[in-house]
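In the working numbering, the protein residues as written are 100 to 360.
Where a beta carbon is used, it is the ideal one built from N, C-alpha and C, also for glycine.
Keep in mind that this is a model prediction, so the values were computed, not measured.
Have a look at this one:
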């Protein structure tokens, strides 16, 4: 049965494109500046963080790059993660009418939300390019591994997203809980600061948050910052476990989606 499911997933792969394109059109329908919101939202947050944490609080910046550039390299993967998780967790509920009428592997729905957020992410890369030009920062050889950092980000995000998508169908309280957790998450994830600011005693434990390793990876490939290898491996392992167990949990729960919805 499992082999059939994955075969069906491959046969229905075009649905990922169809759902993603539909979501993109709906997201920017009747907006004045359209996809520019993918640049404006993270850019405004970066500028606020730079003013509050750098100019006022004078937070320690161990990065080789200026503070604003360090925050930009952390903001892009976080913005992708928070958007993909927020939209992915509601994706099955928002497609309730479709699910109750026809069969297709339900995993396609959160996967399409991930792809939609990836489009926004690729647009927002303009921000990091702009900051690099402004600060005259030239990336090192690590930039060739940037796609690996993006893959790491996708694995971490998909694992969390499929878990929360399944839970949100069964327990509607998660619809209110997820935005709240994501709101707090930006402050406990090293977006406005470096993971190097975490004390040695708690540092390895801190990397159980998979986004810590993802952000460190971005800062290494884009800025040339050093990485804490044991911690990065912990984040990668956590991401892979979340993806494996999340998909397994989703597969178990999707059998009851029609009844729950």
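query                                                                                                          : result
Segments assigned alpha helix (DSSP H), at least 4 residues, entirely inside the region 152-238                : 166-193, 195-198, 207-233
Rounded Cβ spacing between residue 288 and residue 308 (contact assumed at less than 8 Å)                      : 6 Å
Whether residue 251 touches residue 312 by CB criterion (8 Å)                                                  : yes
DSSP three-state assignment for residue 107, whether helix, strand or coil                                     : helix
Residue 245 - DSSP class collapsed to helix/strand/coil                                                        : helix
Buried versus exposed, by CB contacts within 10 Å (16 or more), residue 184                                    : buried
Pairwise C-alpha distance: residue 235 and residue 260                                                         : 36 Å
Residue 346 versus 314, 254, 304, 332, residue with shortest Cα-Cα distance                                    : 254
Between the CA atoms of residue 203 and residue 113 - distance to the nearest angstrom                         : 11 Å
Pairwise C-alpha distance: residue 163 and residue 258                                                         : 31 Å
Short Cβ contact (8 Å threshold) for residue 322 with residue 262                                              : no
Buried versus exposed call for residue 161 [16 or more other C-beta atoms within 10 Å across all chains shown] : exposed
Start-to-end residues for the alpha helix (DSSP H) that takes in residue 329                                   : 328-352
Residue 320 to residue 230 span [Cα, whole Å]                                                                  : 15 Å
Nearest to residue 339 (by Cα), restricted to the options 290, 278, 256                                        : 256
Classification of residue 205 by the beta-carbon crowding that lies within 10 angstroms, buried from 16 upward : buried
Cβ pair residue 175, residue 141 closer than 8 Å                                                               : yes
CB contact flag (residue 208, residue 191, <8 Å)                                                               : yes
C-alpha distance - residue 153 paired with residue 217, whole-angstrom precision                               : 29 Å
Proximity to residue 139 [Cα-Cα], best of 198, 227, 318                                                        : 227
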